[in-house]
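In mature numbering (1 follows the signal peptide of the UniProt record, and there is no 0), the protein residues as written are -21 to -1, 1 to 119.
A virtual CB, placed ideally from N, CA and C, is assigned to each residue, including glycine.
Note that the structure is predicted; figures quoted are calculated from it, not measured.
Okay, structure first, notes after.
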Ligand SMILES: *[C@@H]1O[C@H](CO)[C@@H](O)[C@H](O)[C@H]1NC(C)=O
Ligand SMILES: *[C@@H]1O[C@H](CO)[C@@H](O)[C@H](O)[C@H]1NC(C)=O
């Protein structure tokens, strides 16, 4: 691709995904019953972790950690249950094999601006990992 074609292409990608939306680079940290497809981040807006299910689960919990010097430290979220919590995370259980879902988090709730490497672990109720994904983002 020439530089100009490449630039037009990038422009198109930015335009299609919305000016402030970024797909974040993420690392897998032990997904089992699901796979993360993409992590979409809108600064001071929301975070969407899109994932697909390899098995059906009836209910799920979500855990957030902050990675500090390589170690996961607790970073509590408002609800431990990921589903049916007044639509807080946008998830409705059960989560079905082959289905695609977004775990959504509103980021416009913490002040001051807070940057972190976060780890999100979604588990079924017996405690088996659905997905584990970590990436850099911020609250503001
Ligand atoms: C998931 O479990 C929580 C806690 O037991 C419960 O409040 C919620 O209704 C359950 N959701 C489903 C779909 O079973
Ligand atoms: C998840 O959200 C992203 C935007 O953040 C969207 O492109 C995608 O279609 C959504 N996926 C599902 C399964 O709703």
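- In terms of Cβ geometry, residue 64 and residue 97 do not form a close pair [threshold 8 Å].
- Within the same chain, and ignoring the five residues on either side of residue -2 in sequence, the residues whose Cβ sits closer than 8 Å to its Cβ are 21, 22, 24.
- Taking C-beta atoms as the reference points, residue 101 and residue 13 count as a pair closer than 8 Å.
- Taking a C-beta distance under 8 Å as the contact criterion, residue 43 and residue 74 do not qualify as a contact pair.
- Short note on residue 79: C-beta closer than 7 Å to some heavy atom of ligand 2.
- Residue environment analysis places residue 115 among the exposed positions, since fewer than 16 neighbouring C-beta atoms fall within 10 angstroms of its C-beta.
- For ligand 2, a non-hydrogen atom lies closer than 7 Å to the CB of residue 27.
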